[in-house]
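S.K.: Could you have a look at this structure, given as structure tokens, before my questions?
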Amino acid sequence: MSRVNKYLIIGSASQILGIKLAKELEIAYIDTEFKTFPDGEKYIRINLEDETILKDKEVIVIQSTGPSIRNDQNAQLFELLMIVNAIKRIGAARIIVIVPYLAYARQDKIFRPGETDFIRTLLKIINSMEIDEFYVVDIHEPNVLKEMTCKVVNIDSMKLLAEYIKSLGTNDIVVVSPDKGAVERSKAFAKYFGENIPIDVFEKHRDVKTGEIIMSGSLSLRNKDVVISDDIIATGGTMATAISIAKQSGAKKVYAATTHALLLKDAKYRILKAGADEIIGTDSIDNEVSKVSLAKAIADYLR
Ligand code: R5P
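In this text, residue positions in the sequence shown follow this note's numbering: the first is 112, and each later residue adds one.
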């Protein structure tokens, strides 16, 4: 049982990572019951008999909000808000919310008239629940976190991903950024492989109406081990296109590394077909490519 006056509530989208985190922190964890009423409304219940155990305690909630085998991201978000609501009502002394993958983070800018930068509103809603600390991992655009007034931490998973890739016995590495937006992240990523690791940048243009990607790059990657890193793999279009160019440019091995491997539809197939040797993701999304656990990194921040 708990060594300290802390509990971890594990939401349905972060069950495996949640258990690992509880072990790292050596604290007790409680899971949730989550269902949908016949009219479509969501229901959650923190799975405890005596709710006063949470009163005046520090309560940590972990719940990713990506699509999963259990629910879609809207349902995961509602579950998160409802868990926080329950903890607040019970009277926790401090509430710490960890959302490894935050849905809607890519809706941070307006591309076409009439669109919404909904991530800012979503963060304001979470902030309005009077939580004390809020943690995300490699959020798509860190600037949006300025909407929050509580303590906010954007955890960097790049070091963990690089350590995993190095453990595969890679040689002569080049880090490739699949678009200009990912350059800073790729530069930071490259440093984890050593000093003076080269970085190449591809030019990506996505049609805002059709989503079609056009990418170009004329690089010499002959006999290199190429690591292509992106914050999110969704449909796999960006990654598969970048891999094809890397292969055409002579890459020996290609590793597709991402923090959030949503792997929608046939994304995994597209990426492997394009020539990737391996897809490496974290457990922000619990699936078959979650090879790198965020548990220790998150625990280090919470300790
Ligand atoms: C976009 O700016 C992101 O960083 C990713 O490149 C994008 O979300 C990947 O989406 P997809 O896998 O659908 O190409």
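Don't be surprised by glycine CBs; every beta carbon is placed ideally from N, CA and C.
State the start and end residues of the unbroken beta strand (DSSP E) segment that holds Asn265.
M.R.: Lys262 to Ile266 is the span of the beta strand (DSSP E), which, as asked, contains Asn265.
S.K.: Keeping to the same chain, check which residues put their C-beta closer than 7 Å to that of Ile230; ignore five residues upstream and five downstream.
M.R.: Hits under 7 Å: Tyr215, Ala216, Gln218, Asp219 and Val255.
S.K.: Measuring CB to CB, does Leu233 end up less than 8 Å from Ile173?
M.R.: Contact flag unset, no.
S.K.: Leaving out the 5 sequence neighbours to the left and right, which residues in its chain are closer than 8 Å to Leu383 when beta-carbon positions are compared?
M.R.: Excluding sequence neighbours, Leu383 sits near Ile390.
S.K.: So the candidates are Lys335, Ile180 and Gly348; which of them puts its Cα closest to the Cα of Lys315?
M.R.: The residue with the shortest Cα to Cα distance from Lys315 is Gly348.
S.K.: In the DSSP assignment, find the beta strand (DSSP E) that holds Tyr118 and state where it starts and stops.
M.R.: That run of the beta strand (DSSP E) goes Lys117 to Ile121.
S.K.: So Val170 and Ile198 are supposed to be a Cβ contact under 8 Å. How far apart are they, rounded?
M.R.: About 5 Å separates the two Cβ atoms, so the contact holds.
S.K.: Can you check which of these residues, Glu274, Arg414 and Val337, is closest to Lys402 by C-alpha distance?
M.R.: Of Glu274, Arg414 and Val337, the residue nearest in Cα terms is Glu274.
S.K.: Cα separation between Gly122 and Met259?
M.R.: Going by the C-alpha atoms only, they are around 22 Å apart.
S.K.: Residues bridged to Glu241 by DSSP?
M.R.: According to DSSP, which records beta bridges pairwise, Glu241 is partnered with nothing at all.
S.K.: Taking the alpha-carbon positions, what's the Gly151 to Ile284 distance?
M.R.: Roughly 50 Å separates the two Cα atoms.
S.K.: Label Glu190 either buried or exposed according to how many other C-beta atoms from any shown protein chain fall within 10 Å of its C-beta, with 16 as the threshold for buried.
M.R.: Per the 10 Å Cβ criterion, buried.
S.K.: How many angstroms separate the CA atom of Leu119 from the CA atom of Gln359?
M.R.: Taking the straight line joining both Cα atoms gives about 48 Å.
S.K.: By Cβ distance, which residues of its chain are closer than 6 Å to Gln187, with the 5 residues on each side in sequence left out?
M.R.: Ala124 and Thr176.
S.K.: Take Ala299 and list the residues in its own chain whose beta-carbon comes closer than 8 Å to its own, dropping the five residues that flank it on each side.
M.R.: The residues are Asp267 and Met269.
S.K.: For the beta strand (DSSP E) containing Phe145, list its first residue and its last residue.
M.R.: Note, Phe145: beta strand (DSSP E), Ala139 to Thr147.
S.K.: Roughly how far, in whole angstroms, is the beta-carbon of Ile339 from the beta-carbon of Ala301, given that I think they are within contact range, below 8 Å?
M.R.: Their Cβ separation, rounded to whole angstroms, is 12 Å, which puts Ile339 and Ala301 out of contact at 8 Å.
S.K.: Please work out which residues of its chain come closer than 6 Å, Cβ to Cβ, to Gly392, disregarding the five sequence neighbours upstream and downstream, and give them in chain order.
M.R.: Counting only Cβ-Cβ distances below 6 Å, and skipping sequence neighbours, we find Thr369, Ala372, Val400 and Ser401.
S.K.: Please specify which runs of the alpha helix (DSSP H), each continuous and at least 4 residues long, are wholly inside the region 148-182, giving them in chain order.
M.R.: Here no run is fully enclosed.
S.K.: Between the Cα of Gly322 and the Cα atoms of Phe148, Thr346 and Asn196, which residue gives the shortest distance?
M.R.: Of the candidates Phe148, Thr346 and Asn196, the one whose C-alpha sits nearest the C-alpha of Gly322 is Thr346.
S.K.: To the nearest angstrom, how far is the alpha carbon of Asn196 from that of Asn238?
M.R.: Looking at the two C-alpha atoms, the distance is approximately 12 Å.
S.K.: Could you name the residues that DSSP lists as bridge partners for Arg205?
M.R.: Glu169, per the DSSP bridge assignment.
S.K.: Could you check whether the Cβ of Ala80 sits closer than 7 Å to any heavy atom belonging to the ligand R5P?
M.R.: Absent from the model: residue 80. The displayed extent of the chain is 112 to 414, so no value can be given.
S.K.: Please find out if some non-hydrogen atom of the ligand R5P comes closer than 7 Å to the beta-carbon of Thr349.
M.R.: For the ligand R5P, at least one heavy atom lies less than 7 Å from the Cβ of Thr349.
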